[in-house]
Every structure is written in C-alpha cells, then in structure tokens.
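Student:
Residue numbers (the working numbering), protein chains in the order written: chain V, 636 to 906; chain X, 636 to 906; chain D, 636 to 906; chain U, 636 to 906.
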C-alpha cells in the first residue's frame with residue numbers, strides 16, 4: 636500500500652519586468668519569481684480531484700496582475716503581497732515565494748546598463764590572411780523610452796502592433812577592425828563601449844537596425860583607427876502581458892521578458 | 636562618413652512542436668527554427684524606413700502557421716517551404732533557415748522517451764544520520780494522449796481552459812530511500828526507471844500530481860527494498876499557438892514549447 | 636556578538652571516469668562526485684585553526700585514489716566506501732556523498748554512444764546563393780581502445796607523452812551538402828549517423844584528424860547524394876590522474892574528464 | 636574517392652589568469668584564449684602522419700608559458716605574440732587567436748569585484764511557518780593578497796602545499812533572516828553587500844571558512860534587523876601552472892582558473 640507523503644506545487648521561473656514611470660526619471664525592475672504552495676490537495680494525487688489545485692498558470696497570471704500595483708523596489712514587500720494572496724485561499728496552508736532581481740545600473744533618466752557580464756574580446760589573424768579585431772560581448776543596455784517600431788509591411792501572419800515608444804533592450808556584441816593599432820588598446824576599448832552606450836541612450840531610433848547604425852556611426856566618429864564595425868543586436872523582448880483579461884486597467888508598465896525566440900539583427904558599418 | 640556594409644535580420648530560437656496524428660500511433664516533431672533574411676532594407680538602417688522590414692515577430696508566426704501543414708519528418712522539406720515563403724517577397728534577396736530537431740525514442744503508440752540526457756544518481760549519508768538513496772535525473776517522457784487537467788478552482792486571474800486530453804511532458808527527477816540495499820543496485824535502478832516509464836505511458840492521469848502518484852505507486856510495487864520515493868516533475872509546457880488569428884483552421888496539433896516559466900510539482904510516496 | 640551556526644565543507648563537481656577492462660569487452664563509468672563533511676571544525680571559522688580542516692583538494696584526490704579499486708557499476712557501493720573513508724577521521728561527524736553517472740549505451744566491445752543529447756539539424760539557403768545541408772549535433776561517442784597519438788613535433792612547451800592506445804571521446808557535429816536531395820531525408824540522416832558511428836568504432840586511428848577523415852570517407856561511400864561533409868570533433872579529454880603520487884600502483888584506468896580546455900579539430904571531406 | 640578539403644586544428648577555452656604585481660596596487664587579468672592553426676598537415680588526416688601536428692596540449696602550455704612575460708592589459712598585443720609564435724613554425728600557414736577577458740572592477744589595491752552578474756534575492760514564507768529572508772547571489776570577489784591556507788591535516792592523499800599568501804576568489808551567495816523588517820529593504824540590501832565586500836578585502840583570513848565567518852560578523856554588526864546569515868562560498872580555484880617544466884623561472888603570477896571541481900564552503904553566523 637502506498638500513502639502520500641509531503642507534496643507541494645507551484646510555478647517557477649516567472650519573469651516579470653516593470654517600468655516605474657517618474658516625472659524626471661524612470662526606475663526599472665527585472666525580477667524572476669517562483670511560488671510554491673502546500674495545502675489540502677491530497678485527493679488530487681490519489682484520486683485525481685483537482686477542486687483545490689490552483690493551476691500553476693493562475694499563479695503566473697497572479698504575479699503579473701499584482702505586479703502592476705505592488706512590485707516596487709521593496710522586493711520583500713512584493714513577496715509578502717504574493718504569499719498572502721495565495722494564503723488567503725482556505726485550502727492553502729503555506730505559501731513560499733522566491734524572488735531574484737537582476738541588478739541594473741542607471742546611465743540616464745531612462746537608460747540602464749548591466750544585468751549581465753561584459754567581456755572584452757580580441758581576434759588576431761596572422762599568416763596568409765592578417766588582421767586584428769577588437770570586440771565586446773555581453774554589453775547589456777535597456778531604455779524605457781526613445782525607441783519606435785512602425786511602418787513595417789504586413790501580411791496574413793502579422794500580429795505585431797505598431798509602437799511609437801517602446802522599451803528596448805539588447806546585449807551588444809560588437810567586433811571592429813583596426814586599420815592601424817591604437818597606442819593604448821585598453822583605453823580604445825573603453826572608448827568604443829562608451830560611444831555605443833552614449834549613442835544608444837541619446838539617440839531615438841525607428842528600429843533595432845536604425846539604432847545599430849547610429850551606434851556604428853558614433854564609434855567610427857570617435858575612434859579614427861577603426862575601419863569598420865560589426866554589431867549583433869539580439870532583441871531582448873519584453874512582451875506586453877495583457878492585464879485587461881483580469882478585468883484590470885493595463886497601464887502598459889508590466890512586461891514578460893522572454894529568452895526565446897529573439898529577434899536577431901546584425902549589421903556592419905564602414906568608413 | 637559611415638556607409639552600411641553587410642546586414643541581415645531574422646528570428647532565432649523559435650521552438651515549434653507538432654503531433655502527427657496517426658490511426659494507430661502518433662508521430663512527434665520537436666524543432667527549433669531560425670530564419671535570417673537579406674535584402675533591400677538599407678533605408679531601414681540609415682533612415683529608419685521600415686517599409687521593407689518584415690517584423691521578426693511575423694517570421695515567428697509564419698513558422699507556426701506553416702508548420703501545421705508542412706512540418707513533417709522531412710526536416711529539410713520544411714526548411715525549403717519556409718525559405719521559399721520568405722523569398723517570395725520581392726525585397727528579400729536571400730533566406731537562410733536553420734533547423735534543429737530533438738530526437739525522441741518511441742516507447743508506445745503515443746509515448747516517447749528522450750530529448751535529453753539521463754543520469755543515474757545516488758546519495759550516501761553516514762555518521763550522525765545515515766541513509767542511502769538512489770536516484771535518476773533527466774528522464775524525459777512525453778505522451779500525446781492520456782492526460783487531462785480540469786475541475787480546478789478559478790478566480791479573476793484564471794485564463795487556462797479545461798482539457799480532457801492534452802500533451803504531457805516532463806523531465807523526471809526521482810530520489811528513493813533504500814530500507815535495505817538490493818543485491819544488484821544497477822539492475823534495481825533500471826527497474827525503477829522502467830516502472831516509472833511504463834506507468835507514465837500506461838495510466839491516464841487527471842493532473843501531473845495524479846500521474847506522479849501513480850508512478851510512485853508503481854515503483855513501490857516493483858521494488859520491495861524501497862521505502863519511499865520522491866518525485867519532482869517540472870511540467871514541460873507545450874502551449875497552444877492560436878492559428879485562427881491567421882485566418883486558418885487550428886487543428887490543435889501545433890504547439891509552442893516554452894522553457895520558462897514551468898509548473899513545478901513535487902511529491903513523496905511512502906509504503 | 637556572533638556565534639557559529641551549522642557549517643559544512645566539501646568538494647563539488649569532481650569528475651572521474653574509469654575503464655573496467657574485461658577479457659572480451661570493457662565497461663565504462665563516468666561519474667561526477669561531491670563530498671560534504673560536518674564535524675569539529677568550529678575553530679577553523681572563529682580562530683583560523685585549520686588542524687581539523689581536511690583540504691577539499693584531498694577530498695578530490697581521495698575520490699580518484701579510491702576509484703581505482705572501488706568504483707564499479709554499484710554506484711551506491713562506491714559512495715559508501717567514500718563516506719566511510721571520510722568518517723573514519725575522528726573529527727568528522729557526518730559525511731554526505733553525492734554521485735551522478737552519465738549513462739552510455741554500448742555499441743561494441745570497446746565502444747559507447749550517448750552521454751548527451753543528439754539533434755538532427757538542417758540548413759536551407761535560397762536566393763542569391765542556394766543549397767541544402769543536413770547535419771547532426773551532439774552525437775557523442777567514446778572508445779576505450781583503438782586510438783593512438785604519437786610522432787608529433789616537440790618543442791620547449793611539450794609535456795604530452797606519446798600514446799599508442801588511448802581512450803578517445805568526442806561530440807560529433809557534422810554538416811553535409813546535398814548535391815541532390817535523397818528521397819527520404821530522415822532515413823538518409825540515420826544512414827549518415829550510422830556510417831560515422833560504425834567507422835569510429837571499427838577503424839583504429841592515429842589522431843582525431845585521422846579518425847575524422849575515415850568517418851568522412853565512410854559517409855561519402857554510403858550516401859551518394861552527399862557531395863561533401865564537414866566535421867567538427869572537439870576532443871573530450873580524459874586526463875590521466877597520476878595515482879603514483881599516493882604511493883599506489885597506477886593501472887591506467889582512472890581518468891579525470893575535463894570540459895575545458897579542449898582540442899578543437901575541424902575538417903571537410905569532399906568527393 | 637574522397638579528398639581532403641579545408642581543415643584546421645587548435646585548442647579552445649584555455650583559461651589563464653595573471654597578477655600584475657605593482658608597488659602600490661596589483662592589476663589582474665582573467666582571459667580565455669583559443670588558438671586555431673592551418674597548415675601543411677594533410678598527411679595527418681589521410682595517412683595518420685603526425686609529424687607536423689603540433690599537439691593542442693602544447694598550444695595550451697604555450698599560452699601559459701608566454702603569459703608570464705607577455706600577457707598585459709594590451710589584450711591584442713598578447714594575441715599577436717601568440718599568433719606569431721605559432722606562425723614561426725614553417726608548416727603553419729595561418730594562426731588565429733581569439734581572446735575574451737572578463738572585466739573586473741577595482742575595489743582596493745589588491746581587490747576586485749565583478750566578473751559575473753549579481754542578483755538581489757528574497758524568500759518569503761507565510762502560513763504554518765513564517766519568515767522573510769533577504770539574499771544575494773553572484774557577488775563575485777577576488778583578492779590577490781591577504782588569504783592563507785596552512786596547518787591542515789595530511790594523509791596519503793594530500794598533495795596541496797601550504798600557502799601563507801594566496802589568491803582568493805569566490806562567488807558569494809548569502810541569505811539572511813530578518814528578525815524585524817527594516818524600513819528600506821533596498822538600502823539594507825546594499826548595506827549587507829557593502830559589509831561583506833569591505834570585510835572580504837580588509838580582513839586577512841586563514842581559510843575560506845575563516846573569511847566567511849568574518850564577513851558574517853561584519854553583516855551582523857552593520858544591520859541590527861538581521862538575526863542570522865548563511866553564506867555559501869564556492870572556492871573559485873586559480874591553480875598554479877608549473878612553468879618550471881618549460882625550463883623557465885616561475886614567478887607565481889600565472890594561474891589556471893578551473894570551473895570544476897570546486898571547494899564548497901557553507902556556514903551560518905548567528906547573533
């Protein structure tokens with residue numbers, strides 16, 4: 636004879652991001668949440684009776700729904716709201732909420748850098764071919780304003796709506812060719828990164844492609860030894876999560892960041 | 636002066652799965668697709684003119700839309716359909732489609748094992764406490780029939796619809812306690828895995844919780860030395876991808892597998 | 636005032652592999668081990684007194700040292716030997732040993748497949764260029780005999796010794812060009828994989844490069860539609876772990892598999 | 636008939652770190668290098684003739700050997716030295732060297748933070764049990780002085796030598812229990828991280844255990860609302876790479892960082 640021992644259920648790896656709109660500057664939260672419940676659900680296991688099994692999909696939705704009002708820089712505070720929400724159901728005996736927030740560094744009123752690991756890169760070829768390239772990988776940037784995407788062609792598979800001002804995030808990989816070697820390669824590397832960051836935050840764009848071109852232009856203007864630069868700009872999508880389905884107003888500030896699939900933009904800018 | 640060099644855009648890591656319904660047995664495809672286009676989109680970069688920039692979101696949708704009719708075990712054939720679809724737009728000069736299919740092993744008419752790496756595990760404690768546990772990690776199973784989820788409680792955050800027959804996939808992690816050590820631990824490990832696999836495919840379930848309980852029962856029935864078994868069963872969600880948005884019939888056979896978030900079910904079954 | 640609460644120390648992710656030499660066929664074990672100890676080491680934390688702190692490096696060495704005699708297909712048995720070894724030291728109050736074994740499928744007397752996830756791949760290009768490639772990723776093979784590496788050039792940085800018979804393991808990535816499309820691409824994919832596997836196990840080689848060339852030849856001989864095949868064969872190194880340092884005989888059957896760095900061999904074979 | 640097409644060989648993911656000793660402050664480099672060669676090695680593939688096949692093990696050794704003199708903050712410069720070294724062998728027609736440097740932020744004369752992604756964490760439990768924990772994950776710290784490990788017990792498996800001053804690096808995971816909630820949890824989180832960082836760099840230690848205890852003490856002293864803190868401190872080993880094997884002096888400044896195995900230290904400090 637088998638008997639049921641300890642059991643719990645929940646939703647893990649729920650990614651939620653939120654823009655905290657300010658008069659002068661925006662704040663940004665980027666949090667991964669998990670929920671685990673314990674309670675009177677033995678019959679679900681032994682008899683297939685789901686009458687007390689809150690679906691894990693509902694847990695996910697609840698996180699987005701409550702984030703609009705309650706997700707602030709008080710991470711523990713948001714966790715308490717979630718835990719108490721689930722505990723309010725009589726059959727739930729214990730709720731555990733885990734939260735992990737990616738740390739972003741403010742660059743401008745609406746711009747942030749970080750949330751990842753940046754690496755300096757280089758590639759040296761000698762022999763039949765020859766060349767020296769500098770590079771950067773994992774330079775993650777995000778802005779809450781100053782990016783549009785509209786005027787695109789449509790067909791029967793088009794769902795995307797036009798946006799005049801959207802959140803834009805990418806993890807920059809850039810490789811540039813040195814026509815001649817600069818005296819101080821470390822300082823030059825810093826200057827290339829700085830040029831890209833400053834351009835990204837200062838210049839509004841009509842697409843990732845447009846943003847990338849502006850960044851490449853900025854690098855060529857700043858560093859005379861570079862003859863061309865190639866950028867790869869994966870679009871780190873932050874999808875709208877339609878809160879109106881929950882009979883709520885949707886203020887357009889709560890997002891579902893997704894890792895896959897991602898828009899994959901690549902371009903080269905030459906002198 | 637900057638000029639635009641080579642450039643391309645696309646969508647990467649689009650995961651699509653499909654059930655090929657058969658009279659006797661189902662086939663299953665689990666494919667990750669990427670699309671990269673090149674063409675007359677220079678103005679998008681230099682002037683922000685998006686009139687020829689097919690959105691990468693549309694590329695994603697197209698993959699799901701065309702999968703319903705065209706995704707078969709001829710992987711290259713599906714790639715050709717996709718490449719030619721995108722090439723049919725005049726401004727596109729070249730289309731590259733990459734595909735990678737996870738390989739599943741058939742177990743039953745509607746059941747598959749694999750798509751991952753299975754590991755045998757053990758945990759030995761000696762001293763103040765003592766105990767020996769056997770385990771398995773990464774035992775991935777999927778069935779195209781024989782799983783339901785309905786009768787669950789609803790609230791303002793419920794979106795999930797009830798299903799009487801759904802695709803179910805999980806990566807089993809199991810740990811069991813040996814009350815006494817079997818003579819041949821390797822053979823016993825094989826017997827535990829076999830019991831779980833056979834139970835998973837033979838027994839219809841009303842939930843992941845219910846399926847797990849049945850599996851635990853089967854193990855305790857098969858191996859007398861085991862006193863209790865704990866299962867962790869992350870739900871590898873295969874979301875419906877609503878094809879009716881594309882003015883198509885939706886046959887309920889095309890899915891979007893997602894890695895995150897996931898339902899996280901854990902339970903212990905004791906003798 | 637601060638006081639010390641629970642504390643433990645150990646070594647995690649110790650990878651050890653072993654060939655079990657047989658008269659007719661070899662067995663192979665590929666295990667990752669962790670050790671955690673608890674005991675009378677409070678003074679190490681509060682006063683920096685290390686007199687009872689078994690170095691984690693010693694834990695690692697012990698795993699390799701005891702593996703030569705005690706690592707068998709009884710995974711739990713090896714764990715017990717390790718736990719009791721550490722517990723025999725008076726200051727240790729509890730020892731916990733975790734083990735995870737990669738599962739390999741036997742192919743021949745000295746050959747194994749598996750230990751990873753195989754994926755079928757394809758790449759379709761249409762437009763200015765055109766071509767269709769089939770591929771496979773993650774086809775992991777290992778043989779305990781039939782691979783040599785000797786006669787190589789030496790310089791001041793050479794440490795490697797010549798070997799006439801060594802363990803060889805690799806994760807095959809292969810891409811092939813179809814000059815014309817076969818009638819059944821799925822069957823053809825299976826035939827390419829089978830040709831590579833059979834060649835790898837049947838043909839002794841003088842290097843990874845040599846092994847790869849033989850595999851490419853076998854594929855071209857088996858499938859007439861393929862015009863060329865490119866192989867990438869990362870050498871999954873299994874380093875000797877010198878047991879003579881422990882005043883033991885070294886039978887040459889215990890290895891330290893390493894993930895990084897790895898030898899990276901790539902070649903194309905054409906008709 | 637098969638013929639050999641393009642082919643190359645090399646070593647990938649060679650991790651090398653180096654301390655640049657200064658009078659006042661140290662610099663630190665943490666680089667991953669790959670080498671790929673092309674040349675006259677066709678016979679190695681077709682006939683098993685290794686007379687021109689530089690072993691990839693030798694490539695690895697060369698990177699460590701040349702790093703002692705040539706690895707500086709001029710990353711491209713080190714790449715050129717490596718590429719030209721390999722190209723100097725007559726049979727090598729082309730050498731490609733790839734380099735990626737983890738970026739560390741200076742904290743003190745001998746201390747660095749970074750090389751990874753830090754996340755703020757929290758865990759809320761409500762119901763039968765209740766509690767609120769704050770946490771941090773991925774807080775990576777490294778110091779080039781101020782850490783010892785000696786006086787440990789030895790046995791037949793001991794290889795490790797005693798060190799009075801070694802490089803110490805870890806990725807801090809910390810979880811603390813709030814006895815009462817602070818008014819500003821975000822500020823408190825920053826204070827906990829700052830206390831650990833300051834303690835790590837200011838206080839010499841006799842072991843990771845000792846270092847961890849000092850850090851826990853510092854947090855309890857700084858934040859009155861915290862009743863206990865648990866630390867997990869994986870030792871990010873930087874192994875000595877014995878250069879004397881190459882008939883060179885070894886200055887003790889070149890290291891081989893390894894990901895696995897790692898020393899795994901955990902402790903709790905209470906008020």
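Ideal placement from N, C-alpha and C gives every residue a C-beta, glycine not left out.
#1: Using a Cβ-Cβ cut-off of less than 9 angstroms, list which residues of the region 722 to 742 of chain D approach chain X; keep chain order.
#2: To test your reading of the DSSP string, which unbroken alpha helix (DSSP H) runs of 4 or more residues are found completely within the region 786 to 869 of chain X?
#3: Could you please tell me which residues of the region 689 to 716 of chain U, in chain order, have their CB closer than 8 angstroms to any CB of chain D?
#4: With a 10 Å radius around its C-beta and 16 neighbouring C-beta atoms as the bar for buried, classify residue 853 of chain U as buried or exposed.
#5: Look at residue 803 of chain X and residue 777 of chain X and say whether their C-beta atoms are less than 9 angstroms apart.
#6: By the criterion of Cβ-Cβ separation under 8 angstroms, what are the contact partners of residue 765 of chain V in chain X?
#7: Using beta carbons (cut-off 9 angstroms, strictly below), is residue 662 of chain V in contact with chain X?
#8: Which first and last residues belong to the beta strand (DSSP E) in which residue 692 of chain V is found?
#9: Compute the beta-carbon to beta-carbon distance between residue 835 of chain D and residue 846 of chain D, rounded to the nearest angstrom, for a pair I have assumed lies under 8 angstroms.
#10: So residue 639 of chain V and residue 848 of chain X are in contact, right, with Cβ under 8 angstroms, and what is the actual spacing, rounded?
#11: Taking one C-beta from the region 801 to 816 of chain V and one from the region 648 to 658 of chain X each time, how about it: are there three or more such pairs within less than 8 angstroms?
#12: Just the C-alpha distance for residue 895 of chain U and residue 720 of chain X, rounded to the nearest angstrom, thanks.
#13: Rounded to a whole number of angstroms, what is the C-alpha to C-alpha distance between residue 824 of chain X and residue 770 of chain X?
#14: Taking DSSP as the reference, what is the three-state secondary structure of residue 637 of chain V?
#15: My assumption, with CB atoms under 8 angstroms, is that residue 901 of chain U sits in contact with residue 880 of chain U. Please give the rounded CB distance.
#16: Where does the unbroken beta strand (DSSP E) through residue 873 of chain X begin, and where does it stop?
#17: If we count the other Cβ atoms within 10 Å of its Cβ and call it buried at 16 or more, is residue 714 of chain X buried or exposed?
#18: Would you say residue 844 of chain D faces chain U, with C-beta separation under 9 angstroms as the test?
#19: May I ask you to list, following chain order, the residues of the region 743 to 764 of chain U that have a beta carbon less than 9 angstroms from some beta carbon of chain V?
#20: Put residue 894 of chain D into one of helix, strand or coil per three-state DSSP.
#21: Can you give me the C-alpha to C-alpha distance between residue 691 of chain V and residue 703 of chain V, rounded to a whole angstrom?
#22: Using a C-beta cutoff of 9 angstroms, does residue 816 of chain X count as contacting chain D?
#23: Short check: CB of residue 784 of chain D to CB of residue 842 of chain D, under 9 angstroms?
#24: Would you identify the three-state DSSP class for residue 727 of chain D, choosing helix, strand or coil?
#25: Determine, using beta-carbon pairs with one atom in the region 654 to 661 of chain D and one in the region 739 to 746 of chain D, whether at least three such pairs fall under 8 angstroms.
#26: According to DSSP, simplified to helix, strand and coil, what is residue 783 of chain X?
#27: Against residue 808 of chain X, what residues of chain C qualify as contacts under a CB-to-CB distance less than 7 angstroms, listed in chain order?
#28: Should the region 749 to 759 of chain U be regarded as contacting the region 780 to 794 of chain U, the criterion being three or more beta carbon pairs within less than 8 angstroms?
#29: Give the secondary structure of residue 656 of chain D by DSSP, where H, G and I count as helix, E and B as strand, and everything else as coil.
#30: State the Cα-Cα distance for the pair residue 838 of chain U and residue 794 of chain D, rounded to the nearest angstrom.
#31: By Cβ distance, which residues of its chain are closer than 8 angstroms to residue 874 of chain X, with the 5 residues on each side in sequence left out?
#32: Can you tell me whether residue 871 of chain V is buried or exposed? The criterion is at least 16 other CB atoms within 10 Å of its CB, across all chains shown.
#33: For the putative contact between residue 812 of chain D and residue 861 of chain D, defined by C-beta atoms under 8 angstroms, what is the C-beta separation to the nearest angstrom?
#34: Going by DSSP, what residue range makes up the alpha helix (DSSP H) through residue 753 of chain U?
#35: Here's the rule: buried if 16 or more other CB atoms are within 10 angstroms of the residue's CB, otherwise exposed. What is residue 624 of chain U?
#36: Hey, how far is the Cα of residue 700 of chain U from the Cα of residue 779 of chain U?
Tutor: In terms of the structure at hand:
#1: 722, 727, 728, 729, 730, 731, 732, 733, 734, 735, 736, 737 and 738
#2: 820 to 837 and 843 to 857
#3: 689, 690, 691, 692, 693, 695, 696, 697 and 700
#4: buried
#5: yes
#6: Under the 8 angstroms cutoff, chain X gives no residues; its nearest Cβ is about 20 angstroms from residue 765 of chain V.
#7: no
#8: Note, residue 692 of chain V: premise wrong, no beta strand (DSSP E); alpha helix (DSSP H) at 691 to 705.
#9: 7 angstroms
#10: 7 angstroms
#11: no
#12: 47 angstroms
#13: 8 angstroms
#14: coil
#15: That belief does not hold up - the Cβ atoms of residue 901 of chain U and residue 880 of chain U are roughly 36 angstroms apart, past 8 angstroms.
#16: 873 to 875
#17: buried
#18: yes
#19: 749, 750, 751, 752, 753, 754, 755, 756, 757, 758, 759, 760, 761, 762, 763 and 764
#20: coil
#21: 19 angstroms
#22: yes
#23: yes
#24: strand
#25: yes
#26: coil
#27: This model lacks chain C altogether; the protein chains it does include are V, X, D and U.
#28: no
#29: coil
#30: 40 angstroms
#31: 890, 891, 892 and 893
#32: buried
#33: 7 angstroms
#34: Taken as a continuous stretch (DSSP letters only), residue 753 of chain U belongs to no alpha helix (DSSP H), as it is neither H nor E.
#35: Outside the shown range of chain U (636 to 906) lies residue 624 of chain U, about which nothing can therefore be said.
#36: 20 angstroms
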